[in-house]
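Enquirer: Protein chains in written order, with the working numbering: chain X, 1 to 116; chain F, 117 to 227.
This is the structure I have questions about; it appears just below.
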């Protein structure tokens, strides 16, 4: 069974640009969540999608958005990039919504975004 | 914002020794999970313990949960150099929906 696939693995963008990151969950998983990891703030929750609907959102500005498609694949978009957006962005998939039914989350390898 | 606090922040041991990492959290939980991360790569799920469980084992891993103290510990027995990684605890609240991570413990196992 293929794991969670995130593309691209590495990305360098300039301040002010926008970026789209992609996540393909494990086959059959309907829940996709996104996390940002930085040395200063650690791992922080961005959003959770289930059945194409955003179910939960973390404390991030509106520049961060996402969506989920009917095949459960998800994308997240960051507009007007700032230097502080440089981070490892991790996607996690699970069968049910995170925490429901005590299901575990499986993470992808992440996309490392560098904003210059 | 992180809910969990982990200690120690860094731990260095010799191969064969046991490693114990602790995690404390602030609010009621549905479950608590432990993850491993190698060198800024993806997180690998290690073990999930439900709020009504007190102890769980998986191979060389032993996790305990004390909901009255809002704390958990991860014990890795007979550590190996390959166990060198960062270890994170993550809690899921009763409403679910997201993992709240601690700051992590950086474990170094020297051969």
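Glycine is no exception: its CB is placed at the ideal position from the N, C-alpha and C atoms.
As the structure is a prediction and not an experimental result, all values here were calculated from the model.
What's the call for residue 85 of chain X, buried or exposed, on a 16-neighbour Cβ count within 10 Å?
Expert: If you number the first chain from 1, residue 85 of chain X lands on position 85. Residue 85 of chain X comes out buried.
Enquirer: What is the DSSP secondary structure of residue 81 of chain X, counted as helix, strand or coil?
Expert: Within the first chain, residue 81 of chain X is the residue found at index 81, counting from 1. Note: residue 81 of chain X maps to coil in three-state DSSP.
Enquirer: Verify whether the separation of the beta carbon atoms of residue 224 of chain F and residue 128 of chain F is less than 8 angstroms.
Expert: On the second chain, position 108 is the one that residue 224 of chain F refers to. On the second chain, position 12 is the one that residue 128 of chain F refers to. In contact: residue 224 of chain F and residue 128 of chain F (Cβ atoms closer than 8 angstroms).
Enquirer: So, is the C-beta of residue 83 of chain X closer than 8 angstroms to a C-beta in chain F?
Expert: Looking up residue 83 of chain X in the first chain gives position 83. No - not a single Cβ of chain F is within 8 angstroms of the one on residue 83 of chain X.
Enquirer: Can you list, in chain order, the residues of its chain with a C-beta nearer than 8 angstroms to that of residue 170 of chain F? Leave out the 5 residues immediately preceding and following it.
Expert: Translated into positions along the second chain, residue 170 of chain F becomes position 54. Excluding sequence neighbours, residue 170 of chain F sits near 180, 181 and 182.
Enquirer: Which full runs of the beta strand (DSSP E) of 3+ residues lie inside the region 30-105 of chain X, going along the chain?
Expert: 31-38, 42-50, 53-57, 64-68, 74-78 and 87-94
Enquirer: Assess contact between the region 63-77 of chain X and the region 11-26 of chain X, defined as three or more Cβ pairs (one per stretch) separated by less than 8 angstroms. Is contact present?
Expert: yes
Enquirer: With contact counted as at least three CB pairs below 8 angstroms, one residue from each stretch, are the region 45-62 of chain X and the region 205-216 of chain F in contact?
Expert: Touching, per the Cβ criterion.
Enquirer: Got a sec: which bits of the region 176-202 of chain F sit with their beta carbon under 8 angstroms from any beta carbon on chain X, in order along the chain?
Expert: Here the close residues number zero.
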